[in-house]
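See below for the structure under consideration.
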Amino acid sequence: MADHGVDSSPVPPAPSVAIAAELADDGSRADAGTASAGGKGRKAHAAAKSADDRFTLRDFFLWCGVPVLIVLLIRLFLVGFYEIPSRSMMDTVVPGDRVVASKITTKISGLQRGDVVVFKDPNNWLSAEQSSGIGGGYLIKRLIGMPGDVVECKGAGQPITINGVAINETSYIRPGVDPSSFPFSVTVTEGHVFVMGDNRANSADSRYHQDDADHGLVPISDVVGTAFVRYWPLNRIAGIDAHHEVFADVPDASAE
Numbered sequence: 650m651a652d653h654g655v656d657s658s659p660v661p662p663a664p665s666v667a668i669a670a671e672l673a674d675d676g677s678r679a680d681a682g683t684a685s686a687g688g689k690g691r692k693a694h695a696a697a698k699s700a701d702d703r704f705t706l707r708d709f710f711l712w713c714g715v716p717v718l719i720v721l722l723i724r725l726f727l728v729g730f731y732e733i734p735s736r737s738m739m740d741t742v743v744p745g746d747r748v749v750a751s752k753i754t755t756k757i758s759g760l761q762r763g764d765v766v767v768f769k770d771p772n773n774w775l776s777a778e779q780s781s782g783i784g785g786g787y788l789i790k791r792l793i794g795m796p797g798d799v800v801e802c803k804g805a806g807q808p809i810t811i812n813g814v815a816i817n818e819t820s821y822i823r824p825g826v827d828p829s830s831f832p833f834s835v836t837v838t839e840g841h842v843f844v845m846g847d848n849r850a851n852s853a854d855s856r857y858h859q860d861d862a863d864h865g866l867v868p869i870s871d872v873v874g875t876a877f878v879r880y881w882p883l884n885r886i887a888g889i890d891a892h893h894e895v896f897a898d899v900p901d902a903s904a905e
């Protein structure tokens, strides 16, 4: 007789209760093992992240110490910052101005006539200034004569001459002020420079100290830098011009 599509193969017996319980138990243990492994992985990841986030002493030196060291090296070897309290260099710099001076320029390219130089007080010049120096026993003036130069002036109303050539200083001398109100003649000795303030009527410069140990001259070894920019106050920010063109026609002279 037809079976009408009924499978006549034997039907497998149903699993016993014990076997079913064992299978269920194995599944639970597998799930528990998976959960445990996942928990351990999350803990390990969190611990690694915590270690990465910890700010160590090495990090401190990298992020704080290195920048400070760089700034100190720049201050020691490249530039200096100075505040101007006196009126001897008006109107190039005025009281309250703060300037940056290059220390490396003097070592690489050397000094030139016209440079605005910062130098150590050579022979107690500060006592003759109307106010104190620019801090730490330093002064600021314009370099007029190099070693070997003969710097002269015939008196009020007359120009400064260097090695016999008159220079036109109107580009930096304070308006209404004579190049020198009195006559002088100085031969700059080897290893020294002759300096003057741009406000000649209020500058105790090389003209006024010809009876000191260096005869009013500044030892080149005492020059610490050349000022090249005013950085404060904000409305005075500008470069400081050396006006080298003023001295373009001055012939060089050999130091004696």
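For the sequence shown, the working numbering assigns the number 650 to the initial residue and increments by one for each residue that follows. Ideal placement from N, C-alpha and C gives every residue a C-beta, glycine not left out.
Within the same chain, Cβ atoms closer than 8 Å to the Cβ of N772 are found at H858, D861, A862 and D863, the five residues on either side in sequence being excluded.
If you draw a straight line from the Cα of V743 to the Cα of R823, it is about 11 Å long.
DSSP, reduced to helix, strand and coil, places K769 within a strand of the structure shown. The three-state secondary structure of R791, taken from DSSP, is strand. Separation of the CB atoms of D746 and R856 is rounded to 24 Å, and the pair is thereby denied contact status at 8 Å.
Contact annotation: G846 and K803 have beta-carbon atoms that are not nearer than 8 Å.
Under the DSSP definition of a beta bridge, C802 partners with I809 and F833.
Residue nearest to H841 within the set L883, V814 and I869 is I869 (criterion: CA-CA distance). The C-alpha of Y787 lies about 39 Å from the C-alpha of R707. Excluding sequence positions up to five before and after F730, its CB lies within less than 7 Å of the CB of R747 and V749, all in the same chain and listed in chain order. About 5 Å separates the CB atoms of I753 and L727; that is less than 8 Å, so the two are in contact. The C-beta distance from I809 to S829 rounds to 7 Å, short enough to meet the 8 Å contact threshold. Listed in chain order, the non-local C-beta contacts of A902 below 6 Å within the same chain comprise G797, D798 and N812, local neighbours out to five positions each way being set aside. Around the beta-carbon of S834, fewer than 16 other beta-carbon atoms lie within 10 Å, marking it exposed. Bounds of the beta strand (DSSP E) holding T875 are V872 to W881. Relative to the Cα of F896, the nearest Cα in the group W774, G825 and L792 belongs to L792.
Around the beta carbon of E778, a 10 Å sphere encloses 16 or more other beta carbons of the protein chains shown; the residue is thus reported as buried. T705 counts as exposed, since fewer than 16 other beta carbons sit within 10 angstroms of its beta carbon.
Per DSSP, G729 is one residue of the beta strand (DSSP E) stretching across V728 to E732. By the 16-neighbour rule on beta-carbons within 10 angstroms, L866 is buried.
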